[in-house]
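9 is the number of the first residue of the sequence shown in the numbering used here; add one for each residue after it. Positions of the beta carbon are idealized from the N, C-alpha and C atoms, including for glycine. Here is the structure we will look at, set down as structure tokens.
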Amino acid sequence: MKSWSNRLSYVGAGVSLALFVLFGLMPGTLISGLIGLKVIGALFGIPVEPTLVSRLLLAVFLFTGVFVTALIFVIAGTTIGWLVGLLIDGLIKRQRAVAIKKAH
Numbered sequence: 009m010k011s012w013s014n015r016l017s018y019v020g021a022g023v024s025l026a027l028f029v030l031f032g033l034m035p036g037t038l039i040s041g042l043i044g045l046k047v048i049g050a051l052f053g054i055p056v057e058p059t060l061v062s063r064l065l066l067a068v069f070l071f072t073g074v075f076v077t078a079l080i081f082v083i084a085g086t087t088i089g090w091l092v093g094l095l096i097d098g099l100i101k102r103q104r105a106v107a108i109k110k111a112h
């Protein structure tokens with residue numbers, strides 16, 4: 009039988025992934041794109057010319073920013089779900105111990 013901490017860690021990961029899609033995808037893309045444009049502007053000069061290298065660098069920055077944002081959301085949600093599951097597991101074990109003491 010799986011423990012509550014395992015079950016709720018999966019639930020936390022799913023909920024946090026949904027929250028990432030709702031609230032983290034657009035800001036992650038926007039901020040990482042802005043950072044990418046600033047770095048590319050510092051490397052190649054402003055205004056940034058639409059060359060293949062600058063577009064590839066911007067794509068790398070965008071992908072990295074979205075990936076890191078998703079990673080933070082999922083790790084946080086999984087950790088919160090796991091901790092709540094540990095609390096529930098502890099309460100269940102305590103109730104079982106009390107029931108065994110009352111039986112004897």
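Residue i: first and last residue of the uninterrupted alpha helix (DSSP H) it sits in
i: G85; result: L60 to A111
i: G49; result: L33 to F52
i: L25; result: W12 to L27
Length of the line joining the Cα atoms of residue i and residue j
i: F71; j: T37; result: 8 Å
i: L60; j: A78; result: 27 Å
i: V56; j: L30; result: 31 Å
i: F52; j: L66; result: 12 Å
i: K109; j: W90; result: 29 Å
i: V74; j: R102; result: 42 Å
i: V23; j: V76; result: 17 Å
i: A21; j: S62; result: 35 Å
i: A50; j: L64; result: 16 Å
i: L27; j: H112; result: 48 Å
i: R104; j: L25; result: 34 Å
Any non-hydrogen atom of the ligand GTP within 8 Å of residue i CB
i: P58; result: Among the components modelled here there is no ligand, and therefore nothing to report on the ligand GTP.
Short CB-CB distance (under 9 Å) between residue i and chain B
i: V68; result: This model lacks chain B altogether; it includes just one protein chain.
message: For the region 10 to 24 against the region 84 to 96, do three or more pairs of beta-carbon atoms, one drawn from each stretch, fall closer than 8 Å, so that the two count as touching?
response: Yes, the region 10 to 24 touches the region 84 to 96.
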